[in-house]
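Number of protein chains: 2
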Amino acid sequence: MSEPEPTSPQSFLQLVETCDNFGIPASGARHILSEELASWHLSPDPTSPVLGLIRPEVLEQLKHEPTHHWSFWHHDNVARVSFTSSINTPAKRSAVMKELCERWSVEGHWAPQIGPTKWRGELYPIYRNPFGKLDAPPDSIDESSLDEDTLNYAFKMERSACALFGVVTFGVHMTVYQDSPEDHSCRIWVPKRARTKQTWPGYLDNSVAGGIPSGLGVYESLVKEAMEEASIEEDIVRKYTRAVGAVSYFYRTSAGWLQPEVEYIYDLCIPADVPLELKPLDGEVESFECLPLPEVVEKMRAGLFKANCAVVLIDFMIRHGYITPDNEPDFLEIITRLHGRFDYERW
Amino acid sequence: MSEPEPTSPQSFLQLVETCDNFGIPASGARHILSEELASWHLSPDPTSPVLGLIRPEVLEQLKHEPTHHWSFWHHDNVARVSFTSSINTPAKRSAVMKELCERWSVEGHWAPQIGPTKWRGELYPIYRNPFGKLDAPPDSIDESSLDEDTLNYAFKMERSACALFGVVTFGVHMTVYQDSPEDHSCRIWVPKRARTKQTWPGYLDNSVAGGIPSGLGVYESLVKEAMEEASIEEDIVRKYTRAVGAVSYFYRTSAGWLQPEVEYIYDLCIPADVPLELKPLDGEVESFECLPLPEVVEKMRAGLFKANCAVVLIDFMIRHGYITPDNEPDFLEIITRLHGRFDYERW
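Pasting the structure below:
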């Protein structure tokens, strides 16, 4: 049973840098990175989109895969890997990834990352352009019927393997709060993650947060997570939730895995006359508290929030006028870092 | 007396691309730009900050300036210009720029840009890091008393000359609106720019917008502009305005001048019981109308708004839940383009 230790107070920018902690150097020099990352292209063509970044040990493992599935090449002095030109449709790519991920999991490669205990059994969509149209089809669609030429969607793969391949993943985060215009007070519903969770056990989290699986819309994912994680009824979500933007940041785990993420952001301001209480439902959350904003900030600065949750709360505080250009010297640095573009085209 | 012509309806991303219309190619290849831009460094040292980008014709003109003021060099096959190592304090740099700009204006270089008819007589601050601390001192401070080593502020220069040097400038934009929670209607106060204005005559603008001169705080600039442009009393601004973020984009004018800009964004939601009407005061605005949001959107899509005002309205619509990940295919592309970092370190 692990519990995070408070740090000495951190600045908002330090909290952002804990989450957005990876990027290609401005000089483009890869040799100053701690290891040479290979670029994962969609097809054996240097102009095809870069889908992810692959560490040397994973690249070595891929070289044992069937040669009619994977191509290895160099371009601009950078190692590249891609599907072969015959693996050229969503159906074929999804099938290759399914077989590979299941076999690697069973064989115990990178057990802490995709071993059977970490296997999610949930498929994430991979897009040619992660900032483009979210057109992953519902699971009920037969992928072999898809028209490759008109799609941004490229294929889907097991969630727990995404960080092995450095691909962009997508999630939803919602801040559920109460505002008192009279005394300008704001209270935020803050869950504590179960101490049995494999990642960030015992850390504080956002009111509602979760990943977007392949084939589910952004808002539908939010509705589902709101019930599963916080016991919020669907009609309450649909009535009071507001889409308010997105954050994007490039996170590298302490073990070195790459997790570039996009989080779609929602606010749910509980009206004074609506008696809403957030409660755990699915065991991922230990408990909920409705904390005054100053207390939330104190816990954030003490490093008690999961890194990407602090970032979403900072975005909340910017949009709601608590963090301003006049009270935060790193205002622009924070805002631009919260909306990064990953620069995959430069890799 | 010019009046803009409506275009066929544009997408939100097209409107963003009209404003954020310039960037270094991902490949880093400068020769695919239409002209080779020189990088303007603070000092004759390749590691000193890049302050701006200079077009060939301006670079040629600078070569006629005193050699004890300006250095010309190359690094990584790119032309560089900087102050000489003796021009090494805010006071000295501001003095060099003041004399140069005044002389160029009188001599008629780039008359359409900084000729006497365009001269603003307003000083803009230049920072080493445009995303760093806004520490330009008030005008009452003698610059020779400043401690160069602890400042992000580098010097100040005439507003109308900023685009000749491709430096980042800063402004404030506020959306003044009325919300009716009953029928989810939103009406926005929209000014029409005077048809006598030199830039964007007759185009629609944001409720309140203006530049931040050297030595004035962000919020203080907003208070000043709210009165000058829209006759909003100071106590109304201070009571109801909320800071809500910033946008940053790299704009190149049709004549080729470079205007990377940061706009700090504010919302002023007029309470139902406050009788506020926006009215022109200083002659920059011809008239105000309070338009329903759908009509604002129609005029935006028809290209009738000044380019950077459309961008601020798009940010408003994202933060207020009108543009969402489920109804806008370019959602992430728009959000990340609205918070660009200029990548000066790559020039």
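Those protein sequences? They're chains B and E, same order as listed. For the first sequence, the numbering used here gives the first residue as 21, with consecutive numbering after it. For the second sequence, the numbering used here gives the first residue as 21, with consecutive numbering after it. By construction, the Cβ of each residue, glycine as well, lies at the ideal position given by its N, Cα and C atoms. From a predicted model like this one, the values you see are computed outputs, not experimental measurements.
CA-to-CA, the gap between E/Cys206 and E/Tyr342 works out to about 10 Å.
Residues of the segment 321-345 of chain E that bring their beta carbon within less than 9 Å of a beta carbon in chain B comprise Asp335, Ile338, Arg339, His340, Gly341, Tyr342, Ile343, Thr344, Pro345, in sequence order. Against chain B, a Cβ distance below 7 Å from E/Pro132 picks out nothing, because the smallest value is about 31 Å.
Distance from the CA of E/Trp220 to the CA of E/Lys326, rounded to the nearest whole angstrom, comes to 6 Å.
When DSSP states are grouped into helix, strand and coil, B/Gln218 belongs to the coil group. Taking 7 Å as the cut-off, the Cβ atoms of E/Ile74 and E/Trp60 count as close. Its chain contains Phe32, Ile354 as the residues whose beta carbon lies nearer than 8 Å to that of B/Glu348, once the 5 sequence neighbours on both sides are disregarded; these appear in chain order. Looking at B/Ile107, B/Leu79, B/Thr27, B/Pro110, the one whose alpha-carbon comes closest to that of B/Arg100 is B/Leu79. Under the DSSP assignment, B/Val210 falls outside any alpha helix (DSSP H), being part of the beta strand (DSSP E) whose first and last residues are 205-213. The beta carbon of E/Thr38 sits no closer than 7 Å to any beta carbon of chain B. Proximity of E/Pro280 to chain B, defined by a Cβ-Cβ separation below 7 Å, is not satisfied. Residue pairing by DSSP puts B/Asp199 in a beta bridge opposite B/Cys206. Chain B has a Cβ within less than 7 Å of the Cβ of E/Arg262. If you check the CB distance, E/Phe151 and E/Arg113 do not come in under 7 Å. Contact annotation: E/Leu324 and E/Val267 have beta-carbon atoms that are not nearer than 7 Å. Sequence-ordered contacts of the segment 134-152 of chain E with chain B read Asn149, Pro150, Phe151, Gly152 [C-beta pairs closer than 9 Å]. Taking a cut-off of 8 Å for Cβ pairs, the segment 173-189 of chain B and the segment 136-155 of chain B touch, as three or more such pairs fall below it. When DSSP assignments are scanned along the segment 206-291 of chain B, the uninterrupted stretches of alpha helix (DSSP H) that are 4 or more residues long and fall wholly within it turn out to be 238-250, 254-260. Here the segment 193-209 of chain B lies against the segment 223-232 of chain B, with 3 or more beta-carbon pairs under 8 Å apart.
Here E/Asn108 is exposed, its C-beta having fewer than 16 other C-beta atoms within 10 Å. For B/Glu178, the uninterrupted beta strand (DSSP E) segment begins and ends at 173-178.
Distance from the Cα of E/Phe270 is smallest, within the candidate group E/Asp40, E/Glu85, E/Ile146, for E/Asp40. Between the segment 156-168 of chain B and the segment 244-260 of chain B, the count of C-beta pairs closer than 8 Å stays below three; the two stretches do not touch. For B/Pro312, the enclosing beta strand (DSSP E) begins and ends at 305-312.
The beta carbon of E/Gly72 sits closer than 6 Å to those of Trp60, Phe185, Gly186, Val187, all from its chain and outside the five residues before and after it, given in chain order. Cβ contact annotation for E/Gln133 (same chain, cutoff 7 Å, sequence separation greater than five): Ser180, Ala183, Leu184, Trp277, in chain order. Contact of E/Thr27 with chain B is not assigned, every C-beta pair being separated by 7 Å or more. At a cut-off of 7 Å, the C-beta of B/Ala174 has no neighbouring C-beta in chain E. DSSP, reduced to helix, strand and coil, places B/Trp124 within a helical segment of the structure shown. E/Phe103: member of the beta strand (DSSP E) spanning 98-103, first to last residue. Among the residues facing chain B, E/Ala266 is included, as its CB has a counterpart in that chain under 7 Å away.
By the neighbour-count definition (other C-beta atoms within 10 Å, threshold 16), E/Arg361 is a buried residue. Under the three-state reduction of DSSP output, B/Pro29 falls in the coil class, being neither helix nor strand. If you look at E/Phe351, you'll find it in the alpha helix (DSSP H) that goes 351-357. Any Cβ of chain E closer than 7 Å to the Cβ of B/Thr189 would place that residue at the interface, and such an atom is absent. Separation of B/Tyr147 and B/Ser22 (C-alpha to C-alpha, rounded to the nearest whole angstrom) is 36 Å.
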